[in-house]
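Enquirer: I am attaching a structure below and will ask some questions about it afterwards.
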Amino acid sequence: MVVKHTGMDRLILTLNAIFLTCAVLVVVVPLIYIVIASFMDPTVLLNRGLSFNVSDWSLDGYQMILSNPAMIRGFANAVLYSVSFALITVTVSIFAGYALSDDRLAGRGFFMIIFIITMFFGGGLIPTYLLIRNLGMLDTVWAIIIPGAVNVWNIILSRTFFKGVPRELKEAANVDGASEMKIFFQIVIPLSKPIIFVLALYAFVGQWNSYFDAMIYLDNPNLHPLQLVLRSILIQNQAAPGMISDQLAMAELKRLSEMIKYSAIVISSLPLIIMYPFFQKYFEKGVMVGSLK
Numbered sequence: 026m027v028v029k030h031t032g033m034d035r036l037i038l039t040l041n042a043i044f045l046t047c048a049v050l051v052v053v054v055p056l057i058y059i060v061i062a063s064f065m066d067p068t069v070l071l072n073r074g075l076s077f078n079v080s081d082w083s084l085d086g087y088q089m090i091l092s093n094p095a096m097i098r099g100f101a102n103a104v105l106y107s108v109s110f111a112l113i114t115v116t117v118s119i120f121a122g123y124a125l126s127d128d129r130l131a132g133r134g135f136f137m138i139i140f141i142i143t144m145f146f147g148g149g150l151i152p153t154y155l156l157i158r159n160l161g162m163l164d165t166v167w168a169i170i171i172p173g174a175v176n177v178w179n180i181i182l183s184r185t186f187f188k189g190v191p192r193e194l195k196e197a198a199n200v201d202g203a204s205e206m207k208i209f210f211q212i213v214i215p216l217s218k219p220i221i222f223v224l225a226l227y228a229f230v231g232q233w234n235s236y237f238d239a240m241i242y243l244d245n246p247n248l249h250p251l252q253l254v255l256r257s258i259l260i261q262n263q264a265a266p267g268m269i270s271d272q273l274a275m276a277e278l279k280r281l282s283e284m285i286k287y288s289a290i291v292i293s294s295l296p297l298i299i300m301y302p303f304f305q306k307y308f309e310k311g312v313m314v315g316s317l318k
């Protein structure tokens, strides 16, 4: 069947194509710039801009970063924190969301009110720090993984998703003698891959890009995640005004900072870029949870 478009339809489709093209360029052009700049000699980049001449390229930035033991340790710590945080967040959200989606749960409305209140009211940084200290989690991996693992918004998303699971499936399983746990693990969970993968992606990305909690709660540099290590490296390679009188030293510090900056961005973004294609087929369905059909 051939669809005939009116003049207004063609205008809207053209404007839509132009808008989407501009949106893609806004995302892709800076990404291409950063990738190319990460392979370039900083002096050439600062003086002439991007160059596609291979003789102007250099791997010194990547060599400096990958030869730094703190970078390797920070990368491993970031993977540990992000994976652990995602596992805990998804587990809590799925179990809580499934329980709250069941009309048979006594006090379901009361629990939802308590959860929602925590979305708008919190103790703040100092009470949270005192709580972490009193629990003995300062300078431990638990100070990064446990706080924030219970995300109310994720619980609400999970609850909304589970409400959309056909009740007939559960009733049929009950007739066959399946227990509630068997229904959950063998029927509901296999149907919940979209929401599980989306929650895992949100949690992983959020924790991967986080450095503030580590800066507050971790004094041991061996426990610092990648983002905090990168921050320290970039700050150490920035020349403070009035602190250095030697212009050559200032120029070298600026060169080192530029050399590290783009390479660090590429390295820190690699896990997210690698992960997304595997999550993409679940992403669209998962983010549309709760939308109108």
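Residue numbers (my numbering): 26 to 318. The beta-carbon is built from N, C-alpha and C at its ideal position, and this holds for glycine as well. Quick caveat: nothing in here was measured; it's all calculated off a predicted structure.
Distance check for I220 and A265, CA to CA, integer angstroms please.
Expert: Your numbering for residue 265 matches position 240 in the sequence shown. Your numbering for residue 220 matches position 195 in the sequence shown. Residue confidence is low: A265 scores 46 on pLDDT, short of 50, so the model does not pin down where it sits. No coordinate-derived value is stated.
Enquirer: By a C-beta neighbour count over all protein chains shown, 10 Å radius and 16 as the cutoff for buried, is A131 buried or exposed?
Expert: In the sequence shown, the residue the question calls residue 131 occupies position 106. Exposed, since its Cβ has fewer than 16 Cβ neighbours within 10 Å.
Enquirer: Under the DSSP definition of a beta bridge, which residues are partnered with W178?
Expert: The residue given as residue 178 occupies position 153 in the sequence shown. W178 is not bridged to any residue.
Enquirer: Just the C-alpha distance for V213 and A111, rounded to the nearest angstrom, thanks.
Expert: Counting from one through the sequence shown, the residue named residue 213 turns up at place 188. Counting from one through the sequence shown, the residue named residue 111 turns up at place 86. Each residue's alpha carbon lies about 20 Å from the other.
Enquirer: To the nearest angstrom, how far is it from the Cα of V291 to the Cα of A62?
Expert: As a working note, residue 291 is residue 266 in the sequence shown. As a working note, residue 62 is residue 37 in the sequence shown. About 10 Å.
Enquirer: Residues in its own chain within less than 7 Å of M240 by CB, not counting five upstream and five downstream?
Expert: Position 215 of the sequence shown, counted from the first residue, corresponds to residue 240. Hits under 7 Å: L253.
Enquirer: Curious, which full-length alpha helix (DSSP H) runs of at least 4 residues does the region 29 to 66 contain?
Expert: Complete alpha helix (DSSP H) runs here, min 4: 32 to 63.
Enquirer: With C-beta atoms as the reference, is I170 less than 7 Å away from L163?
Expert: Against the sequence shown, residue 170 aligns to sequence position 145. Against the sequence shown, residue 163 aligns to sequence position 138. Cβ distance not < 7 Å, so I170 and L163 don't count as in contact.
Enquirer: If we count the other Cβ atoms within 10 Å of its Cβ and call it buried at 16 or more, is M96 buried or exposed?
Expert: Taking the sequence shown and counting its residues from 1, the one referred to as residue 96 is at position 71. It is buried - the Cβ of M96 has at least 16 other Cβ atoms within 10 Å.
Enquirer: Provide the residue span of the alpha helix (DSSP H) that contains G99, from first to last.
Expert: Here residue 99 corresponds to residue number 74 of the sequence shown, with the count starting at 1. Here the alpha helix (DSSP H) through G99 covers 94 to 126.
Enquirer: For P302, does the three-state DSSP call read helix, strand or coil?
Expert: For this step, residue 302 is matched to residue 277 along the sequence shown. In the structure shown, P302 sits in a helix (DSSP, three-state: H, G or I).
Enquirer: Could you tell me the distance, in whole angstroms, from the CA atom of I151 to the CA atom of G173?
Expert: Taking the first residue of the sequence shown as 1, we reach residue 151 at position 126. Taking the first residue of the sequence shown as 1, we reach residue 173 at position 148. Distance between the alpha carbons of I151 and G173 is about 15 Å.
Enquirer: Given that a residue counts as buried once 16 or more other Cβ atoms are within 10 Å of its Cβ, and exposed if not, what is Y301?
Expert: Here residue 301 refers to the residue found at position 276 when the sequence shown is read from its first residue. Exposed.
Enquirer: Specify the secondary structure class of P246 as computed by DSSP and reduced to three states.
Expert: Working through the sequence shown from its first residue, we reach residue 246 at position 221. Reduced to three states, the DSSP call for P246 is helix.
Enquirer: Should M65 be labelled buried (16 or more other beta-carbon atoms within 10 Å of its own) or exposed?
Expert: Within the sequence shown, the letter at position 40 stands for residue 65. Buried, because 16 or more other Cβ atoms sit within 10 Å of the Cβ of M65.
Enquirer: Does at least one heavy atom of the ligand ZN sit under 6 Å from the Cβ of G189?
Expert: Absent from the structure shown: the ligand ZN. Ligands present: none.
Enquirer: So P152 is in the alpha helix (DSSP H); what residue range does that whole segment cover?
Expert: As a first step, residue 152 is located in the sequence shown; it is residue number 127 there, counting from the start. It spans 150 to 159 - the alpha helix (DSSP H) in which P152 sits, taken as one unbroken run.
Enquirer: Taking the straight line between their C-alpha atoms, what separation do you get for A168 and L248?
Expert: Within the sequence shown, the letter at position 143 stands for residue 168. Within the sequence shown, the letter at position 223 stands for residue 248. For A168 and L248, the distance between alpha carbons rounds to 11 Å.
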